[in-house]
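J.:
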Amino acid sequence: MKDDCPRPLDLVNAFLEGNGKWDGHVRACPSCAGQIRELEADRKAFLIKHPFSSFWEGLEKRREKRPSAFGRFWDQIRSSGALRAAAAMASVAAIMFLVYHRPTPPAPNPEILSKGGVDLGFYVASATGGEAERGKSGMAVPAGTALQFVYSAGDPYLILIGVEADRSLSVYYPSSGTESASVASGSQKKLPQGLRWQPKTGYERFYGVFSKTPVKLEEIQKALEGIAIEKSAKLPLPYAQASVILYRK
Numbered sequence: 001m002k003d004d005c006p007r008p009l010d011l012v013n014a015f016l017e018g019n020g021k022w023d024g025h026v027r028a029c030p031s032c033a034g035q036i037r038e039l040e041a042d043r044k045a046f047l048i049k050h051p052f053s054s055f056w057e058g059l060e061k062r063r064e065k066r067p068s069a070f071g072r073f074w075d076q077i078r079s080s081g082a083l084r085a086a087a088a089m090a091s092v093a094a095i096m097f098l099v100y101h102r103p104t105p106p107a108p109n110p111e112i113l114s115k116g117g118v119d120l121g122f123y124v125a126s127a128t129g130g131e132a133e134r135g136k137s138g139m140a141v142p143a144g145t146a147l148q149f150v151y152s153a154g155d156p157y158l159i160l161i162g163v164e165a166d167r168s169l170s171v172y173y174p175s176s177g178t179e180s181a182s183v184a185s186g187s188q189k190k191l192p193q194g195l196r197w198q199p200k201t202g203y204e205r206f207y208g209v210f211s212k213t214p215v216k217l218e219e220i221q222k223a224l225e226g227i228a229i230e231k232s233a234k235l236p237l238p239y240a241q242a243s244v245i246l247y248r249k
């Protein structure tokens, strides 16, 4: 979804109203065009499963069980073609609103789903002693904060390093610090040990390098030469990688 795209609710409303407000945008935006195709497919599927004839039959049956006031109101609706169409479209709109606005879980990172895709995240210990909170790359935390890194990967080897603003390097996994070590494959796996962040400078970028065979630390050190650490989310290496950056508060 681009910055100039309509909100999903606005796009649904325009579709149901048929006002053409976003037609020009939809023609130039593959993402919104895909949403409109899905809306049209769902509309057709709904009408096949719930044709207007069954809608009226259901209301007729309910009318028989309702007080006479409802019966008189229903007779007015049934006698008006415009009101019949409006009521039918309202039923379609209500169903589609429920379909398109029910809570959905966060979509998994598409990079993780691709072959060799990886993800690196972390949890930050609560200052009040409560549950750890999921951190975000780019956040500022005080020195001495306890961190727990988590990862998602399919490759069996990992080396996790940190590079600070002064280019000083620390190896956080494995503890030997000479080459990558084996880790369990899967999603949102915790590293065997946490760490207490003790930066000497204003920021530190953490690189997770995943590989099918062990990677020497020397190869990573060579890849770090000449790159801007703060802006470089990946190293010039032929391995799956992910990184996060922390700033000292």
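Quick note: the sequence shown, position 243, residue 243 per the working numbering, numbers continuous. Heads up, the beta-carbon is just placed ideally off N, CA and C, and yes, glycines get one too.
1) Locate the beta strand (DSSP E) running through aspartate 119, then write down its first and last residues.
2) In or out: glycine 295 buried (at least 16 other Cβ within 10 Å) or exposed?
3) I'd like to know whether the C-beta atoms of glutamate 179 and proline 214 end up nearer to each other than 7 Å.
4) Have a look at tryptophan 22 and isoleucine 48 and give me their C-alpha separation to the nearest angstrom.
5) Looking at C-alpha atoms only, which residue of Glu225, Ala228 and Tyr239 is the closest neighbour of serine 211?
6) Consult DSSP for alanine 33 and reduce its assignment to one of helix, strand or coil.
7) Does DSSP put glutamine 221 in a helix, in a strand, or in coil?
8) For glycine 24, does the three-state DSSP call read helix, strand or coil?
9) Can you find the residues in the same chain that come closer than 6 Å, C-beta to C-beta, to leucine 160, ignoring five residues on each side of it along the sequence?
10) Based on the DSSP output, what are the partners of glycine 202 in its beta bridges?
11) Pick out whichever of Lys216, Asp155, Thr201 and Arg196 has its Cα sitting closest to the Cα of alanine 125.
12) Please name the residue in Leu39, Gly186 and Glu204 whose C-alpha comes closest to that of leucine 158.
T.: Considering the structure as presented:
1) 119-124
2) Look at the range of the chain in this structure, 1 to 249, and you will see that residue 295 is not part of it.
3) yes
4) 27 Å
5) Tyr239
6) helix
7) helix
8) helix
9) Tyr172, Tyr173 and Gly208
10) Beta-bridge pairing links glycine 202 to no other residue.
11) Arg196
12) Gly186
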